[in-house]
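Peer 1:
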Amino acid sequence: MSTATAAKIPVTVLTGYLGAGKTTLLNRILSENHGKKYAVIVNEFGEIGIDNDLIIGADEEVFEMNNGCVCCTVRGDLVRILDGLMKRKGKFDAIILETTGLADPAPVAQTFFVDEDVQLHTRLDAVVTVADAKWLSERLKDAPEAKNQIAFADVIVLNKIDLVSKPELAEVEARIRAINPYAKLHRTERAQVKLSDVLEQGAFDLDRILEIEPEFLNAGDGHDHDHHGHDHGHHHDHDHSHGGVKHYHDEDMQSLSLRTDKALDPSTFMPWLQNLVQAEGARILRSKGIISFSGDDDRYVFQGVHMMLEGDHQRAWKDDEKRESRLVFIGRDLPEQAIRDGFAKVVPA
Amino acid sequence: MSDFNPLQEQESIVSVIDRVRPVSIGAAVVAVHFLGDKAAFVCAEENVALVDDMGQTVVPVHSGGILCSVADDKRLLMGGDNGKLVEINRNGEVTLLAIDAKRRWIDNVALHPDGAVAWSAGKIAFVRAPKSEEKSFEVPSTVGGLAFAPKGLRLAIAHYNGVSLWFPNMAANAEVLEWAGSHLAVTFSPDNKFLVTAMHEPALHGWRLADGKHMRMTGYPARVRSIGWASGGKALATSGADSVIVWPFGSKDGPMGKEPAMLAPLKAKVTMVACHPKQDILACGYSDGTILMVRMTDGAEILVRANKGEAVTALAWNAKGTLLAFADQTGDAGLLEL
Chain F
1 MSTATAAKIP VTVLTGYLGA GKTTLLNRIL SENHGKKYAV IVNEFGEIGI
51 DNDLIIGADE EVFEMNNGCV CCTVRGDLVR ILDGLMKRKG KFDAIILETT
101 GLADPAPVAQ TFFVDEDVQL HTRLDAVVTV ADAKWLSERL KDAPEAKNQI
151 AFADVIVLNK IDLVSKPELA EVEARIRAIN PYAKLHRTER AQVKLSDVLE
201 QGAFDLDRIL EIEPEFLNAG DGHDHDHHGH DHGHHHDHDH SHGGVKHYHD
251 EDMQSLSLRT DKALDPSTFM PWLQNLVQAE GARILRSKGI ISFSGDDDRY
301 VFQGVHMMLE GDHQRAWKDD EKRESRLVFI GRDLPEQAIR DGFAKVVPA
Chain H
350 MSDFNPLQEQ ESIVSVIDRV RPVSIGAAVV AVHFLGDKAA FVCAEENVAL
400 VDDMGQTVVP VHSGGILCSV ADDKRLLMGG DNGKLVEINR NGEVTLLAID
450 AKRRWIDNVA LHPDGAVAWS AGKIAFVRAP KSEEKSFEVP STVGGLAFAP
500 KGLRLAIAHY NGVSLWFPNM AANAEVLEWA GSHLAVTFSP DNKFLVTAMH
550 EPALHGWRLA DGKHMRMTGY PARVRSIGWA SGGKALATSG ADSVIVWPFG
600 SKDGPMGKEP AMLAPLKAKV TMVACHPKQD ILACGYSDGT ILMVRMTDGA
650 EILVRANKGE AVTALAWNAK GTLLAFADQT GDAGLLEL
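So the protein sequences, as listed, match chains F and H. Taken in order, the first sequence gives residues 1 to 349; the numbers are from the numbering used here. Taken in order, the second sequence gives residues 350 to 687; the numbers are from the numbering used here.
#1: Return yes when the Cβ of V653 of chain H is within less than 7 Å of the Cβ of L685 of chain H, no when it is not.
#2: Ordered along the chain, which non-local residues of its own chain (more than five positions away) have a Cβ less than 6 Å from that of R332 of chain F?
#3: Tell me, please, which residues DSSP counts as bridged to Q405 of chain H.
#4: Exposed or buried, what is V774 of chain H when buried is set at 16 or more other beta-carbons lying within 10 Å of its beta-carbon?
#5: Among the residues of its own chain, which have a CB less than 7 Å from the CB of A668 of chain H, if the five just before and after it don't count?
#6: Any beta carbon of chain H sitting closer than 7 Å to that of N66 of chain F?
#7: What did DSSP end up calling H225 of chain F once you bin it into helix, strand or coil?
#8: In angstroms with no decimal places, state the Cα-to-Cα distance between W596 of chain H and A579 of chain H.
#9: Let me confirm a value: E32 of chain F is counted as buried when at least 16 other C-beta atoms fall within 10 Å, else exposed. Which label applies?
#10: Taking DSSP as the reference, what is the three-state secondary structure of H121 of chain F?
#11: Counting C-beta neighbours from all protein chains within 10 Å, is the total for M611 of chain H 16 or more, i.e. buried, or is it exposed?
#12: In terms of residues, what are the limits of the alpha helix (DSSP H) holding M270 of chain F?
#13: What residues are listed by DSSP as bridge partners for T260 of chain F?
#14: For P462 of chain H, count neighbouring Cβ atoms within 10 angstroms of its own Cβ and tell me buried if that reaches 16, exposed if not.
#15: Would you give the residue range spanned by the beta strand (DSSP E) that G511 of chain H belongs to?
#16: Less than 6 Å between C-beta atoms, sequence neighbours within five positions excluded: which residues of the same chain meet that for G530 of chain H?
#17: So with Cβ pairs under 7 Å, would you call Y509 of chain H a contact of chain F?
#18: Using 8 Å for Cβ pairs, my map puts G680 of chain H next to A420 of chain H. What's the rounded Cβ distance?
#19: What are the residues of the segment 408-425 of chain H that lie near chain F, defined by any Cβ-Cβ distance shorter than 8 Å?
#20: Near T73 of chain F, which residues of its chain fall below 8 Å by C-beta distance, leaving aside the five closest residues on each side in sequence?
#21: Determine which residues share a DSSP beta bridge with T536 of chain H and list them.
#22: For A529 of chain H, which residues in chain F fall below 8 Å Cβ to Cβ?
#23: Quick one: what does DSSP say P107 of chain F is sitting in, helix, strand or coil?
#24: Enumerate in chain order the residues of its own chain whose CB-to-CB distance from D261 of chain F is below 6 Å, with the five nearest sequence positions on each side excluded.
#25: Could you work out which residue in H:T406, H:D602 and H:V381 is closest to M621 of chain H when comparing CA atoms only?
#26: Go through its chain and collect everything with a Cβ distance to D298 of chain F's Cβ below 8 Å, but skip five positions before and after it.
#27: Which residues in the same chain have their Cβ closer than 6 Å to the Cβ of K484 of chain H, if we skip the five residues on either side of it in sequence?
#28: Put V488 of chain H into one of helix, strand or coil per three-state DSSP.
#29: So T23 of chain F is in the alpha helix (DSSP H); what residue range does that whole segment cover?
#30: Any idea what DSSP makes of I437 of chain H, helix, strand or coil?
#31: The segment 452-466 of chain H: which residues have C-beta closer than 8 Å to a C-beta of chain F, in chain order?
#32: Please work out which residues of its chain come closer than 8 Å, Cβ to Cβ, to K583 of chain H, disregarding the five sequence neighbours upstream and downstream, and give them in chain order.
#33: With a floor of 3 residues, list each beta strand (DSSP E) that falls wholly inside the segment 60-95 of chain F, ordered by position along the chain.
#34: Under the three-state reduction of DSSP, which class applies to A447 of chain H: helix, strand or coil?
#35: In whole angstroms, what separates the C-alpha of L14 of chain F from that of A131 of chain F?
#36: What would DSSP say about E171 of chain F, mapped onto helix, strand or coil?
Have a look at this one:
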């Protein structure tokens with residue numbers, strides 16, 4: 001997806017649990033005076049208050065691929081709809097895909113990895129998850145779909161913050177960060193987020209993988225550690241937890257990061273990475289990395305969804321840049337120690 | 350591959366390039382059909398361009414994208430993303446055949462020799478036969494393709510995990526031919542013995558209708574988007590590789606246990622195939638714009654169009670086999686009289 005991305009039409013995936021405010025955000029995107037035309041793929045006709053002849057109803061048909069990979073699923077309806085939309089190229093600038101509240105974002109993302117025609121004409125821009133500040137904490141306990149949507153997100157719009165107290169807000173943010181420390185998080189009322197914060201993110205663009213740092217480390221937005229409360233003390237260690245699984249009570253979804261400043265050998269690192277995503281792909285939702293290979297002056301970057309990986313040389317390391325390899329995995333019940341041990345074996349002594 | 354020129358590599362190839370009458374459609378073309386001796390170029394949006402010796406007429410048929418088309422020499426049917434199914438005849442007269450109640454996309458359309466019409470929107474296939482009321486049938490997932498059997502009123506409906514064979518005039522449930530995966534285009538062999546689908550993954554799947562025996566046709570580097578039966582139905586020519594893959598269907602076992610023929614290899618992907626209606630000749634178009642005519646018996650090639658860079662998206666013979674029409678995705682088109 002990294003080549004000729006400019007000519008490809010960006011697709012923003014809008015997800016979020018029932019009632020979080022997806023449709024509110026969608027209506028805002030469509031009604032705001034931005035001079036752009038969007039084709040919109042929705043699962044429910046009639047909820048959109050805007051007149052737009054490029055609104056297409058989708059059925060969310062998740063198809064397994066016949067390639068022996070169990071977790072390799074695609075959205076069959078999406079393949080068909082994007083193919084049909086390409087007939088009207090030039091009539092819109094970007095595509096927004098709204099999923100149902102119960103949808104798993106993985107098949108959507110994998111459609112962009114697997115389907116040659118989809119890849120040829122479009123690119124996945126970002127997964128934007130709208131979350132309800134009041135109810136997300138509850139949903140994370142009882143709805144695996146809500147957890148998936150947070151784990152998968154590139155951008156999280158934490159909506160309805162006017163309905164919660166400050167401690168409640170801190171609590172829900174801590175829960176989000178325990179699952180996904182890397183997404184950009186925006187706090188909103190009535191989904192009032194700047195459109196430039198949700199559209200044109202390039203989150204799946206290898207050329208735009210710049211750094212992999214937990215977002216809250218450089219957020220500087222008054223993130224208040226004291227408000228995390230009594231029952232999840234583990235969380236206090238997150239400002240010095242480079243590479244640590246962030247434990248939250250009863251949280252089965254984690255992120256795991258690895259780093260080394262020793263240059264890696266592609267002949268041992270790549271097989272390890274490929275084997276890892278083959279063996280653990282069902283549990284790994286997203287992966288990303290910037291790699292420094294020995295004898296290679298270019299940064300190698302990769303990203304993946306479940307078992308699917310794509311990678312490429314990105315650009316030369318800058319003189320003032322620390323040549324460091326950094327990998328991140330977000331997933332469910334990740335075998336942390338086994339992954340760390342495996343990585344340690346491919347780091348040159 | 351843009352520097353590849355078959356003329357340079359194969360100096361000896363026979364060329365009919367200078368006999369092609371160039372046509373400019375001025376818009377992306379997604380299909381071409383013949384209405385008698387008139388070539389009907391179907392644009393990606395809104396229009397059909399009718400071209401014959403008298404000139405070129407652009408006829409508006411849809412207020413939007415044209416998603417599917419089928420023709421039988423007398424009439425051309427098209428489904429659109431405005432939920433409409435329209436017909437255009439040899440005189441260029443347009444008739445609205447159906448409007449989907451929910452304005453859903455008309456994804457597929459099929460035509461029966463006796464005039465029956467089938468189309469689909471979402472999971473529902475519709476059939477309208479002459480002197481009969483409209484009937485519909487819902488399958489478990491979105492319809493990927495439609496085809497009428499050559500005999501009787503029987504409709505094959507391709508979908509996820511198989512094909513449903515529906516007799517619209519019978520009360521009985523449809524027979525389902527199962528095979529895991531997403532099935533798109535579907536076609537009956539002209540002798541009514543085999544059913545073949547082009548799948549979402551780069552493969553064809555076939556069934557022998559007498560006993561439901563499976564035929565897997567795999568090995569393609571890309572999805573098969575264009576398929577055509579050779580005259581008499583003894584072979585099935587397909588796109589999806591850097592040569593035309595031709596599966597033998599002459600025996601009662603079809604291609605089972607046999608190797609396909611690989612004709613006209615180039616350093617580009619075959620995007621369109623069109624078999625001559627009467628002779629063992631096929632025309633094929635490539636991703637680099639090349640078009641060849643190939644004799645199926647010995648693979649001899651004639652150059653119809655040199656590589657121009659843009660993929661060939663439309664290719665068809667007229668019913669008599671005297672005219673070949675083609676177009677690429679930019680609307681650069683041509684007519685060849687044989």
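The beta carbon of each residue, even a glycine, is placed where N, CA and C say it ideally should be.
Peer 2: Taking the structure as given:
#1: Locating residue 685 of chain H in the second sequence gives position 336, counting from the first residue. Locating residue 653 of chain H in the second sequence gives position 304, counting from the first residue. Closer than 7 Å, so yes.
#2: Position 332 of the first sequence, counted from the first residue, corresponds to residue 332 of chain F. Cβ within range, chain order: D252, M253 and R283.
#3: Taking the second sequence and counting its residues from 1, the one referred to as residue 405 of chain H is at position 56. Q405 of chain H is bridged to H:V400.
#4: The first residue shown for chain H is 350 and the last is 687, placing residue 774 of chain H beyond what the model contains.
#5: Against the second sequence, residue 668 of chain H aligns to sequence position 319. Closer than 7 Å at the Cβ level, and outside the excluded window around A668 of chain H, lie F383, D422 and P626.
#6: Along the first sequence, read from residue 1 onward, the residue named residue 66 of chain F stands at position 66. Taking Cβ atoms only, chain H reaches closer than 7 Å to N66 of chain F, which makes this a yes.
#7: As a working note, residue 225 of chain F is residue 225 in the first sequence. Because H225 of chain F carries a pLDDT of 35, less than 50, the predicted location of this residue cannot be relied on, and no value is offered for it.
#8: Against the second sequence, residue 596 of chain H aligns to sequence position 247. Against the second sequence, residue 579 of chain H aligns to sequence position 230. In a straight line, the C-alpha of W596 of chain H is about 10 Å away from that of A579 of chain H.
#9: Numbered from 1 along the first sequence, position 32 holds the residue referred to as residue 32 of chain F. It counts as exposed.
#10: Mapped onto the first sequence, residue 121 of chain F falls at position 121. Helix at H121 of chain F.
#11: Within the second sequence, residue 611 of chain H is the residue found at index 262, counting from 1. So M611 of chain H counts as exposed.
#12: Taking the first sequence and counting its residues from 1, one reaches residue 270 of chain F at position 270. Where M270 of chain F is concerned, the enclosing alpha helix (DSSP H) stretches over P266 to E280.
#13: Here residue 260 of chain F corresponds to residue number 260 of the first sequence, with the count starting at 1. F:S325, per the DSSP bridge assignment.
#14: Looking up residue 462 of chain H in the second sequence gives position 113. Looking at its Cβ environment, which holds fewer than 16 other Cβ atoms inside 10 Å, P462 of chain H is exposed.
#15: Numbered from its first residue, the second sequence carries residue 511 of chain H at position 162. It spans L504 to W515 - the beta strand (DSSP E) in which G511 of chain H sits, taken as one unbroken run.
#16: As a first step, residue 530 of chain H must be located in the second sequence, where it is residue number 181. Taken in chain order, the residues that qualify are M548.
#17: Taking the second sequence and counting its residues from 1, one reaches residue 509 of chain H at position 160. True, the Cβ-Cβ gap to chain F drops below 7 Å.
#18: Your numbering for residue 680 of chain H matches position 331 in the second sequence. Your numbering for residue 420 of chain H matches position 71 in the second sequence. Going by Cβ atoms, the distance from G680 of chain H to A420 of chain H rounds to 19 Å, so no, they are not a contact pair.
#19: G413, G414, I415 and L416
#20: As a working mapping, residue 73 of chain F is identified with position 73 in the first sequence. Hits under 8 Å: V62, F63, E64, M65, A106, P107 and Q110.
#21: Here residue 536 of chain H is taken as the residue at index 187 of the second sequence, counted from 1. DSSP lists H:V545 as partners of T536 of chain H.
#22: To locate residue 529 of chain H, count along the second sequence from 1; it is residue 180. Under the 8 Å cutoff, chain F gives E64 and N66.
#23: As a working mapping, residue 107 of chain F is identified with position 107 in the first sequence. Helix.
#24: Here residue 261 of chain F refers to the residue found at position 261 of the first sequence. Exclusion of the five residues before and after D261 of chain F leaves E324 as the residues of its chain whose Cβ lies within less than 6 Å of its Cβ.
#25: Numbered from 1 along the second sequence, position 272 holds the residue referred to as residue 621 of chain H. Closest by alpha carbon: H:V381.
#26: In the first sequence, the residue the question calls residue 298 of chain F occupies position 298. Same-chain partners within the cutoff: H313, Q314, R315, A316 and W317.
#27: Working through the second sequence from its first residue, we reach residue 484 of chain H at position 135. Closer than 6 Å at Cβ, skipping near neighbours: V476 and P517.
#28: Taking the second sequence and counting its residues from 1, the one referred to as residue 488 of chain H is at position 139. Coil, per DSSP.
#29: Taking the first residue of the first sequence as position 1, residue 23 of chain F is located at position 23. First-last of the alpha helix (DSSP H) with T23 of chain F: K22 to S31.
#30: Translated into the one-based positions of the second sequence, residue 437 of chain H becomes position 88. Of the three classes helix, strand and coil, the one that applies to I437 of chain H here is strand, per DSSP.
#31: R453, W454 and D456
#32: The residue given as residue 583 of chain H occupies position 234 in the second sequence. Answer for K583 of chain H: P597, F598 and G599, listed in chain order.
#33: 62-64 and 73-75
#34: One-based indexing of the second sequence puts residue 447 of chain H at position 98. Correct three-state label for A447 of chain H: strand.
#35: If you number the first sequence from 1, residue 14 of chain F lands on position 14. If you number the first sequence from 1, residue 131 of chain F lands on position 131. Their Cα atoms are separated by approximately 11 Å.
#36: Counted from its first residue, the first sequence places residue 171 of chain F at position 171. E171 of chain F: helix per DSSP, three-state reduction.
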